[in-house]
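Participant: Line by line, the protein sequences give chains A and B.
This note's numbering runs 4 ahead of the 1-based position in the first sequence.
This note's numbering runs 423 ahead of the 1-based position in the second sequence.
The beta-carbon is built from N, C-alpha and C at its ideal position, and this holds for glycine as well.
Note that this is a predicted model, so its numbers are computed, not measured.
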Amino acid sequence: MTNEIKTLFIDGKEVEFTDEPNLLEVIRKAGMNVPTFCYRPDLTSFGACRMCVVEVEGRGIQSSCTMPPEAGLKIHLNTEKTRRIRKTVLELLLANHDKSCLTCDKSGNCELQQYAEEYGIRKIRYPDKALEDYLPVDDSSPSIVRDPNKCILCGACVRACTEFQGHSVLGFANRGSKTVVQPMNGRPLGQVDCVNCGQCAAVCPTGALTIKSDIENVWKEITNKDKKVVVQMAPATRVAIGEMFGLPAGENSIGKMNAALRRIGFDLIFDTNFSADLTIMEEASEFLDRLKSGQNLPLFTSCCPAWVKYLEEHHPDMLNHLSSCKSPMSMLSPVLAKFVPEQLNISRENLVIVGIMPCTAKKYECKRPELTKDGKADTDYVLTTQELGRMIKEAGIDFNALEPEPNDNPFGEYTGAGTIFGASGGVAEAAVRTAYEFATGESLENVDIKELRGTSNRCRDIELDLKGTKLVVRVVSTLKEAEKSIQDIKSGKAQFAMLEVMACPGGCINGGGQPRSCDNSKTKEIRAQGLYKEDSELSLRKSHYNPSIRKLYNEYLQEPNSHKAHELLHTIYKDKFTGSYKDI
Amino acid sequence: MSVENPHKIDVSKLDEIIESYGAKKSNLIAILQKVQEVYRYLPEDAMIYIGTKIEGLSPATVFGVATFYAQFSLEPKGKYEIKVCDGTACHVRGSMPVLNAIRAKLSMPEGQLTSENGLFSLETVSCLGACGLAPVVVINDKVYPQMTSDAITIVLDTLMKEEA
Chain A
5 MTNEIKTLFI DGKEVEFTDE PNLLEVIRKA GMNVPTFCYR PDLTSFGACR MCVVEVEGRG
65 IQSSCTMPPE AGLKIHLNTE KTRRIRKTVL ELLLANHDKS CLTCDKSGNC ELQQYAEEYG
125 IRKIRYPDKA LEDYLPVDDS SPSIVRDPNK CILCGACVRA CTEFQGHSVL GFANRGSKTV
185 VQPMNGRPLG QVDCVNCGQC AAVCPTGALT IKSDIENVWK EITNKDKKVV VQMAPATRVA
245 IGEMFGLPAG ENSIGKMNAA LRRIGFDLIF DTNFSADLTI MEEASEFLDR LKSGQNLPLF
305 TSCCPAWVKY LEEHHPDMLN HLSSCKSPMS MLSPVLAKFV PEQLNISREN LVIVGIMPCT
365 AKKYECKRPE LTKDGKADTD YVLTTQELGR MIKEAGIDFN ALEPEPNDNP FGEYTGAGTI
425 FGASGGVAEA AVRTAYEFAT GESLENVDIK ELRGTSNRCR DIELDLKGTK LVVRVVSTLK
485 EAEKSIQDIK SGKAQFAMLE VMACPGGCIN GGGQPRSCDN SKTKEIRAQG LYKEDSELSL
545 RKSHYNPSIR KLYNEYLQEP NSHKAHELLH TIYKDKFTGS YKDI
Chain B
424 MSVENPHKID VSKLDEIIES YGAKKSNLIA ILQKVQEVYR YLPEDAMIYI GTKIEGLSPA
484 TVFGVATFYA QFSLEPKGKY EIKVCDGTAC HVRGSMPVLN AIRAKLSMPE GQLTSENGLF
544 SLETVSCLGA CGLAPVVVIN DKVYPQMTSD AITIVLDTLM KEEA
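#1: Just the C-alpha distance for asparagine 428/B and isoleucine 471/B, rounded to the nearest angstrom, thanks.
#2: Chain A beta carbons: is any one of them nearer than 8 angstroms to that of proline 429/B?
#3: Could you tell me which residues DSSP pairs with isoleucine 65/A in its beta bridges?
#4: On the DSSP bridge assignment, give the partners of histidine 80/A in chain order.
#5: Looking at cysteine 363/A: is its Cβ nearer than 8 angstroms to the Cβ of glycine 516/A?
#6: Which one of Ser544/B, Asp580/B and Val578/B has the shortest CA to CA distance from isoleucine 505/B?
#7: At a cut of 8 angstroms, does the region 293 to 306 of chain A reach the region 495 to 512 of chain A through at least three beta carbon pairs?
#8: Leucine 174/A versus chain B: which residues are under 8 angstroms apart at the beta carbon?
#9: Check the DSSP bridge columns for glutamate 504/A and list the partner residues they point to.
#10: Taking arginine 545/A as the reference, give the member of Gln118/A, Glu571/A, Val436/A and Ser289/A with the closest Cα.
#11: Helix, strand or coil: which one does DSSP assign to isoleucine 562/B?
#12: In angstroms with no decimal places, state the Cα-to-Cα distance between glycine 585/B and lysine 528/B.
#13: Closer than 6 angstroms by C-beta to lysine 457/B: which residues in its own chain qualify, once you throw out the five before and the five after it? Chain order, please.
#14: Which residues in the same chain as glycine 16/A place their Cβ atom closer than 7 angstroms to its Cβ, once the five residues preceding and following it in sequence are excluded?
#15: Taking a cut of 7 angstroms between CB atoms, which residues from the region 466 to 499 of chain B lie near chain A?
#16: Would you kindly check if the distance between the Cβ of proline 332/A and the Cβ of aspartate 382/A is under 8 angstroms?
#17: In chain B, what lies closer than 7 angstroms to alanine 177/A by C-beta?
#18: My assumption, with CB atoms under 8 angstroms, is that threonine 214/A sits in contact with methionine 361/A. Please give the rounded CB distance.
#19: Going by the beta-carbon positions, is the gap between glycine 496/A and alanine 532/A smaller than 8 angstroms?
#20: So the candidates are Gly422/A, Ala212/A and Ser460/A; which of them puts its Cα closest to the Cα of isoleucine 530/A?
#21: Three-state secondary structure (DSSP) at alanine 381/A?
#22: With a threshold of 8 angstroms between beta-carbons, can isoleucine 588/A be considered close to chain B, or not?
#23: Might you give, ordered along the chain, the residues of its own chain that have their beta carbon closer than 7 angstroms to the beta carbon of lysine 586/A, omitting 5 neighbours on each side?
#24: So, is glutamine 118/A buried or exposed, given that buried needs 16 or more other C-beta atoms within 10 angstroms?
#25: Looking only at its chain, what residues have a beta carbon closer than 8 angstroms to the beta carbon of serine 538/B, apart from the 5 residues adjacent to it on each side?
#26: Measure from the alpha carbon of leucine 94/A to the alpha carbon of each residue in Gly124/A, Leu12/A and Thr70/A, then state which is nearest.
#27: Is the shortest distance between the beta-carbon of methionine 424/B and the beta-carbons of chain A less than 8 angstroms?
#28: Please indicate yes or no: does the CB of isoleucine 215/A lie closer than 7 angstroms to some heavy atom of the ligand ZN?
#29: In terms of residue numbering, what span does the beta strand (DSSP E) encompassing phenylalanine 176/A cover?
#30: Identify whether arginine 526/B lies in helix, strand or coil by the three-state DSSP scheme.
#31: Taking the beta carbon of leucine 135/A as the centre, do at least 16 other beta carbons fall within 10 Å, making it buried, or is it exposed?
#32: For valine 243/A, does the count of other Cβ atoms within 10 angstroms reach 16, so buried, or fall short, so exposed?
#33: Whole angstroms is fine: what's the gap from methionine 71/A's alpha carbon to threonine 48/A's?
#34: Counting C-beta neighbours from all protein chains within 10 Å, is the total for histidine 548/A 16 or more, i.e. buried, or is it exposed?
#35: Rounded to whole angstroms, how far is the Cβ of alanine 399/A from the Cβ of isoleucine 268/A, which I believe are closer than 8 angstroms?
#36: Using 8 angstroms for Cβ pairs, my map puts glutamate 590/A next to lysine 580/A. What's the rounded Cβ distance?
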């Protein structure tokens with residue numbers, strides 16, 4: 005089909021459209037809107053909630069999310085009939101809903117609450133949900149809380165799990181009024197092969213799937229006078245946190261974030277970008293070693309805890325491909341644990357390390373037994389970007405009025421290579437910048453490897469020339485794409501030497517812990533551009549030029565992949581193949 | 424997700440069933456029907472196995488299909504599957520007294536699917552399409568027309584004697 009411009013009429017106004025998949029997109033493009041719970045532009049249309057109904061002349065009532073646009077259609081968004089249908093839908097949903105809104109985690113962000121308010125629902129004609137119909141809340145997962153009493157069965161989470169991650173941990177069960185969304189046979193989410201990516205919570209319109217909060221735990225530590233609380237924040241958080249305070253997506257708020265964290269009471273503020281640089285030192289060296297020996301290729305990146313868990317549980321035979329490098333967060337924490345107590349003259353027990361992450365799976369990662377020392381977790385708590393935003397509000401800080409502040413040294417210094425870790429393709433680009441110079445001994449003039457960038461294409465192959473040695477780097481986002489690449493390797497079709505995987509579509513900038521953006525598929529690209537902008541503005545853009553990193557190697561680690569580096573910065577993976585036919 | 428195997432699921436048998444229909448998502452219902460025929464219900468482990476073996480499915484998805492259709496049972500059914508028709512015609516001709524007589528005879532309170540000795544399972548169905556024979560009871564594939572409390576008791580007595 006060509007991109008021929010056609011027109012239709014919305015409320016009497018002639019509106020142009022080309023290849024929009026449905027009426028709802030045409031309506032939104034024209035600057036108008038209809039309410040919806042189940043429509044998410046990055047997922048397939050489902051037509052479940054019936055909120056987006058419009059009146060089409062000659063065709064009656066249609067759900068705009070499932071009807072393809074046609075030239076000449078005359079549609080009406082706001083008629084007596086559509087209003088009545090939407091109100092009835094809301095009343096029916098509310099009648100069956102746990103209406104404890106004031107204490108709900110989603111309060112203020114809930115689409116059901118929002119529409120009930122907008123449509124002036126004051127009285128519900130139907131009886132309330134009976135007490136005996138309440139189902140238990142599942143908080144077994146380290147990342148996600150599932151409250152079936154707040155589920156409206158829009159199916160967004162089921163589609164996210166299937167279409168992004170490809171393995172449908174959540175599914176519909178039962179039928180009619182007994183329908184629920186749950187893992188296999190109602191098992192606790194913490195005991196199935198959920199990778200904790202949080203995309204289900206990111207698309208959930210209500211409080212049925214929410215992020216497990218660690219805010220209270222962190223406040224407690226901050227208030228404790230004996231404890232020193234240090235914090236690190238992931239690259240992707242800085243270009244999204246502002247959205248919670250009305251700033252545009254993609255605006256780099258790192259300075260304000262530093263200031264806000266100090267006001268909240270964190271004692272030292274470091275940056276995960278520093279350890280992203282550290283990751284590159286180790287991972288680029290590991291990659292070159294593998295290229296030399298020809299073993300365990302392709303190399304899989306290991307920054308994404310959802311991907312690591314997926315591989316351990318579904319393809320333990322491929323674990324030898326996974327880089328032994330810890331994720332940047334889990335590299336920085338043991339470094340802090342080693343050096344900060346001395347610096348502050350406190351014991352390790354009194355040092356609390358907090359990570360601010362765009363990611364719900366990091367809450368799982370910090371509990372991995374492999375990432376503990378002497379029984380103490382390397383990273384004590386992980387807060388998502390959303391949770392930090394909430395803490396800033398709770399502390400009464402006027403985020404927009406904050407003067408930008410620098411972070412603390414030495415573990416706050418970073419290069420542009422560290423900052424682009426937050427976008428799909430960023431880890432590979434950072435690794436190539438360093439690997440090229442390590443391998444060739446020459447300076448890489450053009451550091452912008454634009455072919456590796458982009459959030460919409462979830463699988464890209466890029467051929468690189470390491471001074472005569474040609475190799476292919478593959479970048480994928482979503483585990484569904486990762487699975488296809490694994491099948492390529494198993495069937496011998498794979499030509500790539502490195503596979504970068506991020507489980508969230510578009511990478512960490514679109515992580516499950518980021519401020520809500522599921523109604524706008526462009527937000528992730530804008531956030532990614534924010535990171536590439538910071539990269540382009542920094543004077544140092546290759547990890548191995550980071551002066552603090554060089555100092556760390558000179559004074560302690562000696563060289564990449566040294567014994568000390570392995571002790572501190574590398575990890576092991578375990579065969580966790582479960583929930584599958586091998587067990588039976 | 425650790426999986427115990429109290430049912431001694433025979434994986435090779437499942438493989439055989441899956442292969443016979445083709446390991447495709449669209450064949451799921453046929454595969455589940457066959458599995459139920461073999462085990463007289465759908466064991467959880469079998470659903471997990473099918474959900475992980477066939478591309479595009481997952482245990483949760485298979486469970487969703489199994490719980491959507493009334494024809495699938497997640498509990499073991501008896502050797503004799505008793506279906507009491509409670510469609511409109513059977514209902515007005517007295518299917519309820521027949522049902523109660525079966526419950527009394529087998530000591531099965533309402534809500535219990537299978538008798539204690541595992542021989543009989545009992546369910547009502549909405550219409551068997553044999554309204555002229557109302558009230559109808561079907562045991563396995565045999566149709567018992569125009570049932571009464573006394574008649575069904577004799578039928579059950581005969582079956583129990585055979586099993587004794």
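Facilitator: Let me lay it out:
#1: Since pLDDT at asparagine 428/B reaches only 46, below the 50 mark, its modelled position is unreliable, and no value is offered.
#2: At proline 429/B, the pLDDT of 46 sits below 50, so the modelled position is not reliable; the number obtained from the coordinates is stated separately. No, proline 429/B lies away from the interface with chain A (no Cβ there is under 8 angstroms from its Cβ).
#3: Looking at the DSSP output, isoleucine 65/A shares a beta bridge with Glu59/A.
#4: Per the DSSP secondary-structure output, histidine 80/A pairs in a beta bridge with Glu59/A.
#5: Annotated as proximal: cysteine 363/A and glycine 516/A, with beta-carbon spacing under 8 angstroms.
#6: Here the closest residue by C-alpha is Ser544/B.
#7: Contact holds: three or more Cβ-Cβ distances are below 8 angstroms.
#8: Under the 8 angstroms cutoff, chain B gives Ala483.
#9: In the DSSP assignment, the residues bridged to glutamate 504/A are Val479/A.
#10: The candidate whose alpha carbon is nearest that of arginine 545/A is Val436/A.
#11: In the structure shown, isoleucine 562/B sits in a strand (DSSP, three-state: E or B).
#12: It should be noted that the sequence gives glutamate, not glycine, for residue 585/B. For glutamate 585/B and lysine 528/B, the distance between alpha carbons rounds to 16 angstroms.
#13: Taken in chain order, the residues that qualify are Ile440.
#14: Around glycine 16/A: no qualifying Cβ.
#15: Within the region 466 to 499 of chain B, the qualifying residues are Glu467, Asp468, Ile471, Tyr472, Thr475, Lys476, Ser481, Pro482, Ala483, Thr484, Phe486, Gly487, Thr490 and Phe491.
#16: No Cβ-Cβ contact shorter than 8 angstroms links aspartate 382/A with proline 332/A.
#17: Close to alanine 177/A, with beta-carbon spacing below 7 angstroms, are these residues of chain B in chain order: Phe486, Gly487 and Thr490.
#18: With 8 angstroms as the limit, threonine 214/A and methionine 361/A do not qualify as a contact, their Cβ atoms being about 16 angstroms apart.
#19: Glycine 496/A places its beta carbon 8 angstroms or farther from that of alanine 532/A.
#20: Scanning Gly422/A, Ala212/A and Ser460/A for the CA closest to the CA of isoleucine 530/A turns up Ser460/A.
#21: In the displayed model, alanine 381/A falls within a strand according to three-state DSSP.
#22: Legend: pLDDT at isoleucine 588/A = 45, less than 50; position of this residue unreliable, value from coordinates given subsequently. Closer than 8 angstroms to some Cβ of chain B, the Cβ of isoleucine 588/A qualifies, so yes.
#23: Per-residue confidence for lysine 586/A stands at a pLDDT of 47, beneath the threshold of 50, marking its modelled position as unreliable; the derived number appears in the next sentence. Closer than 7 angstroms at the Cβ level, and outside the excluded window around lysine 586/A, lies no residue.
#24: By the neighbour-count criterion, in which 16 or more other beta carbons inside 10 Å mark a residue as buried, glutamine 118/A falls on the exposed side.
#25: Setting aside the 5 residues that flank it on each side, serine 538/B is surrounded in the same chain by Gly501, Leu529, Ser530, Met531, Ser544 and Leu545, each with a C-beta closer than 8 angstroms to its C-beta; the list follows chain order.
#26: In terms of Cα proximity to leucine 94/A, the closest of Gly124/A, Leu12/A and Thr70/A is Gly124/A.
#27: With a pLDDT of only 35 at methionine 424/B, under 50, the local geometry of the prediction cannot be trusted, and no value is derived from it.
#28: Inclusion of the ligand ZN in the displayed structure is not the case, the ligand content being empty and no account of it being possible.
#29: Where phenylalanine 176/A is concerned, the enclosing beta strand (DSSP E) stretches over 175 to 177.
#30: In this structure, arginine 526/B counts as helix in the three-state DSSP scheme.
#31: Counting Cβ neighbours within 10 Å, leucine 135/A comes out exposed, since fewer than 16 surround it.
#32: Valine 243/A is classed as buried because its beta carbon has at least 16 other beta carbons within 10 Å across all chains shown.
#33: Spanning the two alpha carbons is a distance of roughly 13 angstroms.
#34: So histidine 548/A ends up on the buried side.
#35: For a cut-off of 8 angstroms, the C-beta gap from alanine 399/A to isoleucine 268/A is around 5 angstroms, short enough to register as a contact.
#36: A question about residue 590/A goes unanswered here, because the residues of chain A that appear run from 5 up to 588.
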